[in-house]
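What follows is a set of notes on a single structure, which appears directly below.
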Amino acid sequence: MTFVRDDLRPVQRRAVAILAIVAVGLVVVLLRLWVLQVVQGPRWRSAAENNRLRRIPLEAPRGMVKDVRGEVILDNRPAYQLLLFPEEMNDSVRTAAFLTRIEIAPADEVRARLEKASRTSHLPSVIADNLAWSQVASIAAHRAEFHELEIHPATRRSLPPGATVAHLVGQLGEVSPEQLAESPNLRPGQLVGRSGLERAYQDVLGGTPGNLVVVVDALGKQVSALDEEPPVAGRPLGVTIDLALQREAVEAMAGQVGAVVALDPRDGAVRILLSQPAFDPDLFAGHLEPARWQELTSDPLNPLHNRAIQALYPPGSTIKPLFAAGALRDGVRTPFDTVYCTGAVTIYGHPYRCWLAGGHGRMALEQAIEESCDTYFYYTARDAGIDRLASWARTFGFGTPTGIELGGENSGLVPDDAWSRRVRGQPWYGGETISVGIGQGPILVTPIQLAVAYAALINGGDLVQPHLVPDKGGAPRPTGLPAEALAHVRRGMEMVVAGDRGTARRLGNLPVRLAGKTGTSQVMRKKDGVKWYELPWEQRHHALFVAYAPLDKPELLVCVVVEHGGDAASVAAPIAARILLRAFGPQVKQGEVAAAVPPIWQNTSLPPPPAPKGQTSGPGETLPSAAAVEPARPSSHAAARSLTQQEHPKQEPRTRQ
Amino acid sequence: MRRLDPWLLLSVLAISACAYLAQGSTARALAAPGFAHRQLVWLAVGVALLLLVSFADYRVLARFSPLLYVVSIAVLLALFAIAPLRGGTRAWIAVGSYTVQPSEFARVVTILGVAALADEYQQSRLNFAAVWRITAVVAAPALLVLLQPDLGMALTFVPILLAALWLGGLRWRAWIALVLGGAVFVAAAWLWFLKPYQRERVLTFADPQRAPYSSGYQQRQSKIAVGSGEITGKGLHSGTQSQLRFLPAQYTDFIFAVWAEETGFVGAALLLAAYALLVMRIFVVALAARDRVGAVFAGCAGFGMSTAILINMGMVTGIAPTTGITLPLLSYGGSSVLATCITLGIVQSIWRLRFANV
Numbered sequence: 025m026t027f028v029r030d031d032l033r034p035v036q037r038r039a040v041a042i043l044a045i046v047a048v049g050l051v052v053v054l055l056r057l058w059v060l061q062v063v064q065g066p067r068w069r070s071a072a073e074n075n076r077l078r079r080i081p082l083e084a085p086r087g088m089v090k091d092v093r094g095e096v097i098l099d100n101r102p103a104y105q106l107l108l109f110p111e112e113m114n115d116s117v118r119t120a121a122f123l124t125r126i127e128i129a130p131a132d133e134v135r136a137r138l139e140k141a142s143r144t145s146h147l148p149s150v151i152a153d154n155l156a157w158s159q160v161a162s163i164a165a166h167r168a169e170f171h172e173l174e175i176h177p178a179t180r181r182s183l184p185p186g187a188t189v190a191h192l193v194g195q196l197g198e199v200s201p202e203q204l205a206e207s208p209n210l211r212p213g214q215l216v217g218r219s220g221l222e223r224a225y226q227d228v229l230g231g232t233p234g235n236l237v238v239v240v241d242a243l244g245k246q247v248s249a250l251d252e253e254p255p256v257a258g259r260p261l262g263v264t265i266d267l268a269l270q271r272e273a274v275e276a277m278a279g280q281v282g283a284v285v286a287l288d289p290r291d292g293a294v295r296i297l298l299s300q301p302a303f304d305p306d307l308f309a310g311h312l313e314p315a316r317w318q319e320l321t322s323d324p325l326n327p328l329h330n331r332a333i334q335a336l337y338p339p340g341s342t343i344k345p346l347f348a349a350g351a352l353r354d355g356v357r358t359p360f361d362t363v364y365c366t367g368a369v370t371i372y373g374h375p376y377r378c379w380l381a382g383g384h385g386r387m388a389l390e391q392a393i394e395e396s397c398d399t400y401f402y403y404t405a406r407d408a409g410i411d412r413l414a415s416w417a418r419t420f421g422f423g424t425p426t427g428i429e430l431g432g433e434n435s436g437l438v439p440d441d442a443w444s445r446r447v448r449g450q451p452w453y454g455g456e457t458i459s460v461g462i463g464q465g466p467i468l469v470t471p472i473q474l475a476v477a478y479a480a481l482i483n484g485g486d487l488v489q490p491h492l493v494p495d496k497g498g499a500p501r502p503t504g505l506p507a508e509a510l511a512h513v514r515r516g517m518e519m520v521v522a523g524d525r526g527t528a529r530r531l532g533n534l535p536v537r538l539a540g541k542t543g544t545s546q547v548m549r550k551k552d553g554v555k556w557y558e559l560p561w562e563q564r565h566h567a568l569f570v571a572y573a574p575l576d577k578p579e580l581l582v583c584v585v586v587e588h589g590g591d592a593a594s595v596a597a598p599i600a601a602r603i604l605l606r607a608f609g610p611q612v613k614q615g616e617v618a619a620a621v622p623p624i625w626q627n628t629s630l631p632p633p634p635a636p637k638g639q640t641s642g643p644g645e646t647l648p649s650a651a652a653v654e655p656a657r658p659s660s661h662a663a664a665r666s667l668t669q670q671e672h673p674k675q676e677p678r679t680r681q
Numbered sequence: 014m015r016r017l018d019p020w021l022l023l024s025v026l027a028i029s030a031c032a033y034l035a036q037g038s039t040a041r042a043l044a045a046p047g048f049a050h051r052q053l054v055w056l057a058v059g060v061a062l063l064l065l066v067s068f069a070d071y072r073v074l075a076r077f078s079p080l081l082y083v084v085s086i087a088v089l090l091a092l093f094a095i096a097p098l099r100g101g102t103r104a105w106i107a108v109g110s111y112t113v114q115p116s117e118f119a120r121v122v123t124i125l126g127v128a129a130l131a132d133e134y135q136q137s138r139l140n141f142a143a144v145w146r147i148t149a150v151v152a153a154p155a156l157l158v159l160l161q162p163d164l165g166m167a168l169t170f171v172p173i174l175l176a177a178l179w180l181g182g183l184r185w186r187a188w189i190a191l192v193l194g195g196a197v198f199v200a201a202a203w204l205w206f207l208k209p210y211q212r213e214r215v216l217t218f219a220d221p222q223r224a225p226y227s228s229g230y231q232q233r234q235s236k237i238a239v240g241s242g243e244i245t246g247k248g249l250h251s252g253t254q255s256q257l258r259f260l261p262a263q264y265t266d267f268i269f270a271v272w273a274e275e276t277g278f279v280g281a282a283l284l285l286a287a288y289a290l291l292v293m294r295i296f297v298v299a300l301a302a303r304d305r306v307g308a309v310f311a312g313c314a315g316f317g318m319s320t321a322i323l324i325n326m327g328m329v330t331g332i333a334p335t336t337g338i339t340l341p342l343l344s345y346g347g348s349s350v351l352a353t354c355i356t357l358g359i360v361q362s363i364w365r366l367r368f369a370n371v
């Protein structure tokens with residue numbers, strides 16, 4: 025049997041060619057699978073994980089802060105945050121419109137936040153803090169439309185009302201890229217301390233943020249929770265601050281611009297740290313809006329500035345006890361050397377006037393401190409020379425930061441010949457030495473430096489390190505000042521209050537015996553015949569007063585600086601007195617303490633100092649009038665008399681009523 | 014039974030098993046358990062049909078191919094009138110409670126028609142008239158499918174035409190003319206026939222960053238699925254990409270991604286091997302065929318199926334554009350499964366009758 029078959033060989037040949045092509049294709053697919061699944065497998069696996077896993081950050085509640093008596097300064101309260109998962113966002117314009125509509129922020133601000141969030145790739149970002157209930161409800165209702173939005177319970181800092189502890193506690197802010205690079209515990213968008221205690225003790229207060237890992241499907245719907253890494257709450261922090269005193273300081277300052285620092289002179293434990301004007305700390309409790317930030321930074325009074333540790337002031341007459349101690353140590357003066365003050369003196373061919381135009385008469389060291397005689401210290405400065413004055417200033421810690429835990433501390437300025445040549449390019453001019461002798465000229469200190477310097481005067485000569493957390497002070501550094509010298513200076517400071525002619529003798533009849541030193545530092549050159557209260561506010565002198573109590577074994581030292589306060593004894597001294605009265609006086613209510621020490625203008629027809637921006641309460645409004653307290657206060661006459669004894673370098677204040 | 018090719022049957026059964034498992038997984042993801050069971054029924058019916066057709070005589074079928082061809086063209090034309098618009102195309106009609114995709118069957122008939130036509134040209138090369146007739150026979154249903162519009166399905170007619178012309182034999186001049194003609198046709202299609210979204214798909218393939226959330230997104234999700242399967246896979250029903258529905262069209266076009274994700278390189282390579290075995294056996298049948306009808310049918314069917322497999326897998330693994338070409342037997346769809354099984358039944362018939370004397 026024979027088959028009749030076509031000649032299929034050409035067809036078969038061509039079929040083999042096709043099979044060869046197909047075989048090549050199959051090998052290509054096999055290689056492709058190899059590359060995807062074996063070579064690149066791990067990379068695609070993590071891509072798949074990113075697809076399905078969402079890490080919801082769980083912010084750690086920050087630690088609470090308590091004052092020295094255990095009173096809570098800083099706590100947390102619950103709040104709702106809005107998180108955005110940028111990868112899930114399909115239409116940012118629509119999302120922005122929605123967020124604007126529910127009033128998360130103005131339109132351009134919302135856009136800016138979305139844009140910023142989109143830059144951090146797959147990590148969720150906090151878009152808004154502190155959502156109102158209506159906003160939470162709106163977002164929940166539109167959940168299906170906006171997979172990228174997630175409401176997340178969190179906590180927010182809760183502070184005492186007002187600005188009492190604003191600078192002390194400091195601000196929170198979003199972690200900076202540099203901080204992120206440094207610390208593996210931090211993550212983008214997290215709030216960390218940016219200043220104050222929040223920053224200094226970020227490690228203690230911050231805690232460790234956690235994570236909630238959830239599985240989501242392609243629509244962004246949460247399918248299940250996979251893993252929870254609970255956040256570790258920040259630890260509580262006990263500080264040396266005395267909140268009751270801090271409040272008293274706020275009330276006594278009555279909205280004036282300046283700073284109050286109080287510390288325990290024995291170890292440097294800070295009891296009050298106040299700077300005014302302050303910001304509303306609640307602004308920083310969550311994520312700050314740039315508009316508010318702009319507002320704060322453009323305020324001419326700079327409320328973000330912590331004047332207690334950052335502002336520089338000429339110390340004025342408050343430097344006199346320090347230079348007196350230095351002069352005794354170095355033998356420039358003995359306690360009994362005298363100078364005759366006629367009210368004016370010519371040194372290096374220039375006239376220098378004592379603040380008391382008629383002159384103080386014969387002055388020894390203690391008296392010169394009591395009456396704040398400029399002439400005495402002009403001569404002392406001349407005899408010491410600038411380099412010795414500078415060394416005394418440095419002995420008391422001026423020119424270097426005190427080392428308090430808070431960041432941004434200023435070191436101040438101790439001028440000398442070397443400084444003048446370096447910075448100004450000219451040798452020191454001898455006439456300036458005389459100004460420095462009474463705390464004027466280029467010498468600049470911070471309020472906390474002044475407090476530390478005075479602590480050394482009254483604690484036996486040790487330079488303590490001011491600190492906010494117990495045992496963070498370190499060992500005090502002895503200044504080597506002889507005890508005898510310190511005793512003379514202290515007696516002088518006691519006479520400032522107790523003496524017949526003391527510059528703060530109006531405080532002499534208070535229920536608590538205190539001592540201290542006034543200082544009125546010049547802001548601009550004096551105009552003759554113009555009274556301080558007639559000057560525009562910004563041209564008035566700074567009013568300083570450093571005081572302490574009890575006299576024999578001082579436990580609290582208060583340093584008050586009132587910017588453009590005009591006059592130390594009538595403006596700054598009552599503030600310090602109120603605080604010391606609060607600390608050591610008979611148990612009285614807050615208002616009564618105020619009544620005991622009214623600022624001087626209440627006995628006169630002086631206008632109250634202008635209230636800084638936004639604050640309507642001048643001292644005249646918040647404090648009871650002098651008339652009301654007069655019968656109860658036998659010292660009011662003395663206080664009124666002290667009007668005529670204002671210390672005022674180079675100006676005659678006698679004419680005041 | 015004994016005269017059938019066991020390797021071809023074995024590969025079909027292996028692929029069917031994989032199809033059932035993969036469809037079971039995607040059915041779970043889509044919360045539609047009926048899908049996997051229906052696919053299993055189609056596969057069972059398909060294998061039965063395969064065996065039934067393999068006992069028919071392919072030469073008889075070829076003889077009736079003109080009639081079948083006319084009927085299928087008529088049905089394709091009728092679709093424009095009677096088929097409802099579904100997913101943007103008029104490709105489906107309801108038959109009882111089922112929806113049928115006539116283009117699948119029209120393709121089998123087209124292969125059969127091409128094979129029958131080839132028998133008329135016993136020369137070693139096709140002449141001019143033969144080229145035109147073969148081209149017309151393939152182009153008519155393809156154009157009707159293109160107009161439905163179903164680009165993916167229409168594209169599957171192209172390899173059939175190429176294989177028919179190649180197997181019949183063409184001069185180089187003719188190939189050049191064909192390529193030019195094809196280029197003109199593609200350009201015309203690009204300008205006038207392709208929908209914007211279809212153009213976008215092609216462009217996106219060329220530049221995946223172009224549209225990360227549309228077709229580029231689909232392909233990226235598919236690559237993530239395949240790649241994240243790594244060597245041994247995530248386990249059946251445990252593929253995150255499929256179960257959490259990141260994978261698009263996962264029971265049809267992207268079913269291979271589900272399989273590759275859950276069974277890894279091992280499973281994907283085994284499935285690829287099963288397809289390779291199937292394709293290889295079809296070409297072995299083409300070589301063993303006793304006549305030109307059988308050889309051309311098997312060659313065209315083999316090349317058509319191979320290109321569908323390669324393009325689909327290429328699309329899933331990101332080396333070919335998303336064209337909507339499904340994976341034979343694995344992708345969900347009764348019409349597709351049945352048409353594929355009929356084709357393979359005819360191939361078996363060619364094998365069974367390879368020594369038969371007319």
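Those protein sequences? They're chains A and B, same order as listed. The end of the first sequence is residue 681 by this note's numbering, with every number in the run present. The end of the second sequence is residue 371 by this note's numbering, with every number in the run present. Note that CB positions come from ideal geometry on N, CA and C, so glycine has one too. Every value quoted in this text rests on a predicted model; they were computed, and no experiment measured them.
Residue nearest to residue i in terms of C-alpha spacing, selected from the options
| i | options | result |
| --- | --- | --- |
| tryptophan 55/B | Ile363/B, Trp364/B, Phe368/B, Leu343/B | Leu343/B |
| aspartate 227/A | Gln195/A, Ala249/A, Leu261/A, Thr426/A | Leu261/A |
| phenylalanine 109/A | Leu173/A, Ser341/A, Ala72/A | Leu173/A |
| alanine 91/B | Trp364/B, Val25/B, Pro115/B, Asp304/B | Pro115/B |
| threonine 188/A | Val150/A, Ile265/A, Gly461/A | Ile265/A |
| phenylalanine 308/A | Leu320/A, His374/A, Leu298/A, Pro339/A | Leu320/A |
| valine 570/A | Val48/A, Pro233/A, Arg290/A, Ala283/A | Ala283/A |
| leucine 160/B | Asp132/B, Glu243/B, Ala94/B | Ala94/B |
| isoleucine 371/A | Asp354/A, Phe347/A, Asp361/A, Gly409/A | Gly409/A |
Contact set between residue i and chain A, taken where Cβ atoms lie within less than 7 angstroms
| i | result |
| --- | --- |
| alanine 282/B | Leu54, Leu57 |
| methionine 326/B | Val53 |
Where residue i falls, given that 16 or more other Cβ within 10 Å makes a residue buried
| i | result |
| --- | --- |
| glutamate 117/B | buried |
| glycine 230/A | buried |
| arginine 357/A | buried |
| proline 209/B | exposed |
| arginine 118/A | exposed |
| threonine 253/B | buried |
| leucine 19/B | At residue 19/B the sequence reads proline, which differs from the leucine that was named. So proline 19/B ends up on the exposed side. |
| arginine 184/B | exposed |
Where residue i meets chain B, residues with beta-carbon distance less than 8 angstroms
| i | result |
| --- | --- |
| valine 62/A | Glu243, Ile244, Phe278 |
| asparagine 75/A | Gln234, Ile237, Thr253, Gln254, Leu257, Phe259 |
Chain A contact residues for residue i, given Cβ-Cβ distances below 8 angstroms
| i | result |
| --- | --- |
| leucine 377/B | Outside the displayed span of chain B (14 to 371) sits residue 377/B, for which this structure offers no information. |
| glycine 165/B | Ordered by position in chain A, no residue passes the 8 angstroms Cβ test against glycine 165/B, which lies about 18 angstroms from the chain. |
Closer than 6 angstroms: residue i CB and nearest the ligand NAD heavy atom
| i | result |
| --- | --- |
| glycine 194/B | For the structure depicted, the ligand NAD is absent and the ligand set is empty, with no information on it obtainable. |
Problem set entry | Near-chain B residues of the region 235 to 258 of chain A (beta-carbon distance less than 8 angstroms), N- to C-terminal order | Val239, Val240, Asp241, Ala242, Leu243, Val247
For this session: Please specify which runs of the beta strand (DSSP E), each continuous and at least 3 residues long, are wholly inside the region 486 to 546 of chain A, giving them in chain order.
Result: Within the region 486 to 546 of chain A, the complete beta strand (DSSP E) runs of at least 3 residues fall at 539 to 545.
For this session: Check each residue of the region 327 to 339 of chain B: if its Cβ is closer than 9 angstroms to any Cβ of chain A, include it; give the result in chain order.
Result: Gly327, Thr330, Gly331, Ile332
Problem set entry | Those runs of the beta strand (DSSP E) which lie wholly inside the region 202 to 289 of chain A and span at least 3 residues | For secondary structure counted as the beta strand (DSSP E) over 3 or more consecutive residues, the region 202 to 289 of chain A holds these complete runs in sequence order: 215 to 217, 234 to 240, 246 to 253, 282 to 287.
For this session: May I ask you to list, following chain order, the residues of the region 154 to 176 of chain A that have a beta carbon less than 7 angstroms from some beta carbon of chain B?
Result: none
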